[in-house]
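Taking UniProt numbering as reference, the numbering of the sequence shown is continuous, increasing by one, and the terminal residue is 355. All C-beta atoms in this analysis are idealised placements derived from N, C-alpha and C, irrespective of residue type, glycine included. Here the structure comes first, spelled out in structure tokens, and everything after it is commentary.
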Amino acid sequence: MVEPLPHVRDIPPYVPGKPAVPQPGLTTFKLSSNENPYPPLPGVLATAQQAAEAMNRYPDMGCVALYDALATRLGVGTDELAAGTGSVALIYHLLSAYCGIGDEVVHAWRSFEAYPIAITAAGATGVKVPVTADGRHDLSAMAAAITDRTRAVLLCTPNNPTGPALGHAEVATFVAGVPDDVLVVVDEAYLEFVRMADPVDGLALLRGHPNVVLLRTFSKAYGLAGLRVGYAVATPEVAGALRAVALPFGVSSVAQAAAVASLAHEEDLMARVDALVEERDRLVAGITDAGWTVPEPQGNFVWFDLGERTADLAATFGDAGLAVRPFAGEGLRISVGEPEATDRLVALLRTTPPA
Ligand code: PMP
Numbered sequence: 001m002v003e004p005l006p007h008v009r010d011i012p013p014y015v016p017g018k019p020a021v022p023q024p025g026l027t028t029f030k031l032s033s034n035e036n037p038y039p040p041l042p043g044v045l046a047t048a049q050q051a052a053e054a055m056n057r058y059p060d061m062g063c064v065a066l067y068d069a070l071a072t073r074l075g076v077g078t079d080e081l082a083a084g085t086g087s088v089a090l091i092y093h094l095l096s097a098y099c100g101i102g103d104e105v106v107h108a109w110r111s112f113e114a115y116p117i118a119i120t121a122a123g124a125t126g127v128k129v130p131v132t133a134d135g136r137h138d139l140s141a142m143a144a145a146i147t148d149r150t151r152a153v154l155l156c157t158p159n160n161p162t163g164p165a166l167g168h169a170e171v172a173t174f175v176a177g178v179p180d181d182v183l184v185v186v187d188e189a190y191l192e193f194v195r196m197a198d199p200v201d202g203l204a205l206l207r208g209h210p211n212v213v214l215l216r217t218f219s220k221a222y223g224l225a226g227l228r229v230g231y232a233v234a235t236p237e238v239a240g241a242l243r244a245v246a247l248p249f250g251v252s253s254v255a256q257a258a259a260v261a262s263l264a265h266e267e268d269l270m271a272r273v274d275a276l277v278e279e280r281d282r283l284v285a286g287i288t289d290a291g292w293t294v295p296e297p298q299g300n301f302v303w304f305d306l307g308e309r310t311a312d313l314a315a316t317f318g319d320a321g322l323a324v325r326p327f328a329g330e331g332l333r334i335s336v337g338e339p340e341a342t343d344r345l346v347a348l349l350r351t352t353p354p355a
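This is how it looks when you write it as structure tokens:
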């Protein structure tokens, strides 16, 4: 029998957020995958549809229009960019370019569930550093976890699923202490939702430290989750390595065109992000008013630390037409969505005692 490599058996499953179960007489809401609840902007959709007309052709493997648009938008060189089929692909590309069997990758836990999957798939060993009680990265413990075998550290800001974001000063101090042959990957999937005094300035970190890699996506703030397009910003050397290991033609023509159109419509899209941030604030006010506490959410989701009550509350919300994302025995992550979903969630919390 042909066997996969032994570590393939150890790859944990990815549990995708489920759709809402229809409930008689109720509008349902999917709050389980941190998606953008807004439909595509007409201008973005029209561009994507036009690109789909050439679906008999391969996409531009060099992503020239996308790199040009991003380079202009960010003020970086086109050679400092690498695109992938969602930023999750960039995590795979990074690990396949920089890690192998026996290497260690340090990351916070709980954090994005794709990290242990990608690390294990690369044959490397994940070193999970528990987040603090309020859902924050414990940067001093993460620094202490770096060994001679560490090849990369993954920072997730805001942290999925717990919510808090890292501040620039603490990350700058952390990066300064990391050996320069260890990559510091800053996963900024929810960057656009951050509203705090001293947010991470990823490009400033990259300018000072060539081992820094920024990961960004069009899935969340830009609302293109279904098209799968994300990118890394890094030195030309690192970006080149990421491009070298990427699947040829991985980012479709439709995804490339929609991403470029999204940058052209950024003002409208960021107005929607502002509205979602306001909705997040309204949700947090409702949660607090109902007597519950959540870690400070800086993304488009909130985290309820529920332990053994997780499954029960997921069922309660599900029966009320709200699909949420349970992490068995740990807690629930609930995406910020439509105002009606916020109202229904807060009403349920009011009748449910915390802890
Ligand atoms: N990073 C984090 C922290 C995420 O939560 C996600 C999506 N859930 C991703 C990366 C990947 O997003 P995508 O592949 O859609 O760009």
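Asked: So what's ARG344 in DSSP terms, helix, strand or just coil?; Found: helix
Asked: Contact check, ASP134 vs PRO179 under 8 Å by CB: the rounded distance?; Found: ASP134 to PRO179, Cβ: 29 Å. No contact.
Asked: To the nearest angstrom, how far is the alpha carbon of GLY299 from that of ARG272?; Found: 14 Å
Asked: Whose CA, out of THR342, ALA176, GLU330, PHE304, lies closest to the CA of GLY321?; Found: THR342
Asked: Taking the alpha helix (DSSP H) that HIS93 falls in, what are its first and last residues?; Found: 87-98
Asked: With a threshold of 7 Å on Cβ separation, who are the neighbours of LEU348 within its own chain once the five nearest residues in sequence on each side are excluded?; Found: THR316, PHE317, ALA320
Asked: Count the other CB atoms, across all protein chains shown, that sit within 10 Å of the CB of ARG207; report buried if there are 16 or more and exposed otherwise.; Found: exposed
Asked: Any beta carbon of chain D sitting closer than 8 Å to that of ALA118?; Found: Protein chains in the displayed structure number just one, and chain D is not present.
Asked: In this structure, what does DSSP give as the bridge partners for VAL302?; Found: ILE334
Asked: Cβ of ASN34 within 7 Å of any heavy atom in the ligand PMP?; Found: yes
Asked: Rounded to whole angstroms, how far is the Cβ of HIS209 from the Cβ of VAL184, which I believe are closer than 8 Å?; Found: 7 Å
Asked: With DSSP collapsed to three states, give me the class of TYR14.; Found: coil
Asked: Is it true that the CB of ALA258 sits closer than 8 Å to the CB of THR47?; Found: yes
Asked: Could you name the residues of the same chain whose beta carbon sits closer than 6 Å to that of VAL200, not counting the 5 residues immediately before and after it, in chain order?; Found: THR157, LEU166, HIS168, VAL171
Asked: Roughly how many angstroms separate the alpha carbons of HIS7 and GLY62, rounded to a whole number?; Found: 33 Å
Asked: Answer yes or no: the CB of SER87 versus the heavy atoms of the ligand PMP, is any distance below 7 Å?; Found: yes
Asked: Does DSSP put ASP274 in a helix, in a strand, or in coil?; Found: helix
Asked: Would you tell me roughly how many angstroms separate the C-alpha atoms of GLY25 and ALA234, rounded to the nearest one?; Found: 50 Å
Asked: Alpha carbon to alpha carbon, how far is THR150 from ASP103? Give it in angstroms, no decimals.; Found: 6 Å
Asked: Is ASP305 buried or exposed, if buried means 16 or more other CB atoms sit within 10 Å of its CB?; Found: buried
Asked: Confirm the yes/no value for this check: CB of CYS156, any heavy atom of the ligand PMP, distance under 7 Å.; Found: yes
Asked: Please confirm whether ARG110 and THR162 have their CB atoms less than 8 Å apart.; Found: yes
Asked: DSSP state of LEU139, grouped into three classes?; Found: helix
Asked: Near ILE11, which residues of its chain fall below 6 Å by C-beta distance, leaving aside the five closest residues on each side in sequence?; Found: ILE117, THR120, ALA121
Asked: Assuming GLN256 and ALA97 make a contact with CB atoms under 8 Å, what is their CB distance in whole Å?; Found: Wrong, their Cβ atoms sit about 22 Å apart, outside the cutoff.
Asked: Please look up how many angstroms separate the CB atoms of VAL129 and VAL106, rounded, as I've assumed it's under 8 Å.; Found: 6 Å
Asked: Relative to the alpha-carbon of GLY43, which residue among ALA261, PHE29, GLY100 has its alpha-carbon at the smallest distance?; Found: ALA261
Asked: When the Cα atoms are used, what is the spatial distance from VAL251 to GLY337?; Found: 27 Å
Asked: Mapping DSSP to helix, strand and coil, what is THR150?; Found: strand
Asked: Exposed or buried, what is PRO4 when buried is set at 16 or more other beta-carbons lying within 10 Å of its beta-carbon?; Found: exposed
Asked: Below 8 Å on the Cβ atoms is my guess for PHE249 versus PRO59; work out the distance and round it to an integer in Å.; Found: 5 Å
Asked: Rounded to whole angstroms, what's the CA-CA distance from GLY291 to ALA355? Just pull it up for me.; Found: 10 Å
Asked: Here's the rule I'm using: 16 or more other beta-carbon atoms within 10 Å means buried, otherwise exposed. How should LEU45 be labelled?; Found: exposed
Asked: If you draw a straight line from the alpha carbon of ALA152 to that of VAL182, how long is it in whole angstroms?; Found: 5 Å
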